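Letter by letter, the sequence shown follows residues 616 to 868 of our numbering.
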Amino acid sequence: MLDPADPHLVVHSRMLYFRWLPADPDAVAALLPPGLRARADHQVFMNQYVVDDDAQTSGVGAYSLTYLGVSLAGLDAPGGAVPAGWWTHYLCSEPQVRRYAAARGAPATDGRTRLTEHGGTLMTQTEVDGVPLIRVRVHVGETGHVVLNGHHRYVGDRDGCLVSGVYPFVAEPVSPFEIESVDFLDRDHPVYPLRPANPLLITAGFYSPRASFAYPGGESAVAPPAAGHRAPGAQTGHQAPARRARSGRPSGS
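Here it is in structure tokens:
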């Protein structure tokens, strides 16, 4: 049984992390609890990753995970470069990790994430009960000498109280990196309101075959944003490739 008070380290996970602008900003804002506000652009974030082997962790074991949610106004990760996020969904393959995350305030439920790379194309798929829920297609290159490092901050609900945790990470991103499509496959699933706009606009992201991070050893209570705070605007992003936009296939909605 994992103690939620204990920190844990994960090394060399295969990770796709990115943020986008949603098809329905009002539906995204409605997913936030009282006391939290979405950014002016209503950015959504998602992380899909796989930990392939028990030896890559300090004790949580191998697992796969997709979490996603709403980027927040007035609350950033240390350094101010990355907005904090409210978890709306946390789909994890292993029961012990779900229990560990739920005790930290994550809305953890059962789900499986697959990442498959072949010939410069990365395909990711999140499944619930064996049914595909989210599918992403990415053009990827090789890792080089660039290393990303910093922190993410995530907010969850623990026994009716908003709690914030800071998660340090180090990742070796590939280049080139281009998200070609993001498809939400089930209109009836509660994750569907987070689907991206069409045309797809990605505001930030990376894929790394070697991404390491830590679950922090404790959280803090979240204070509501100051009344006069104005959420920052959208970050510079890139649209899906023109060949994709002209294909007639859905891109998120």
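For glycine and all other residues, C-beta sits at the position ideal for the given N, C-alpha and C. Because the structure is a prediction, the values reported are computed rather than measured.
Distance between residue j and residue i (C-alpha atoms, nearest Å)
| i | j | result |
| --- | --- | --- |
| LEU624 | PHE784 | 10 Å |
| ALA786 | TYR664 | 12 Å |
| PRO622 | LEU631 | 23 Å |
| PRO788 | ARG750 | 20 Å |
| ALA819 | ARG714 | 30 Å |
| GLU742 | TRP702 | 18 Å |
| LEU617 | ALA718 | 10 Å |
| SER628 | ASP667 | 7 Å |
| PRO791 | GLU757 | 7 Å |
| GLY684 | GLY734 | 30 Å |
| ARG802 | ASP691 | 31 Å |
| GLY745 | ARG727 | 8 Å |
| GLY759 | PRO649 | 43 Å |
| ASN662 | ALA836 | 24 Å |
Unbroken beta strand (DSSP E) run spanning residue i, endpoints
| i | result |
| --- | --- |
| PRO824 | 816–830 |
| TYR769 | 763–773 |
| HIS760 | Run containing HIS760: none; DSSP gives neither H nor E here. |
| HIS657 | Element bounds for HIS657: n/a, residue is neither H nor E. |
| MET738 | 736–743 |
| HIS804 | From DSSP, HIS804 is part of no beta strand (DSSP E); its letter is neither H nor E. |
Where the alpha helix (DSSP H) containing residue i begins and where it ends
| i | result |
| --- | --- |
| VAL712 | 710–718 |
| VAL643 | 640–644 |
Option nearest residue i by Cα separation, candidates the options
| i | options | result |
| --- | --- | --- |
| VAL697 | VAL781, GLY756, THR703 | VAL781 |
| THR731 | VAL753, GLU795, ASP691, ALA812 | VAL753 |
| GLY689 | HIS804, ARG768, PRO640 | ARG768 |
| LEU647 | THR681, ALA826, ALA699 | ALA699 |
Close beta carbons around residue i, own chain, < 7 Å, minus the five adjacent residues each side
| i | result |
| --- | --- |
| GLU709 | GLY676, TYR678 |
| PRO831 | PRO622, GLY780, VAL781, TYR782 |
| GLY694 | GLY765, HIS766 |
Beta-carbon gap between residue i and residue j smaller than 7 Å
| i | j | result |
| --- | --- | --- |
| GLN740 | ARG729 | yes |
| ALA642 | PRO824 | no |
| GLN671 | ARG634 | no |
| TYR822 | VAL761 | no |
| GLY720 | ARG652 | no |
Beta-carbon proximity list for residue i, same chain, < 8 Å, skipping 5 on both sides
| i | result |
| --- | --- |
| ALA645 | PRO808 |
Sequence-distant residues of its chain with Cβ nearer than 6 Å to residue i (five each side left out)
| i | result |
| --- | --- |
| PRO747 | GLN740, LEU800 |
| ALA620 | none |
| PHE869 | Summary: the structure shown does not reach residue 869, with the chain confined to residues 616 through 868, and so no result is reported for it. |
| HIS704 | LEU683, VAL806 |
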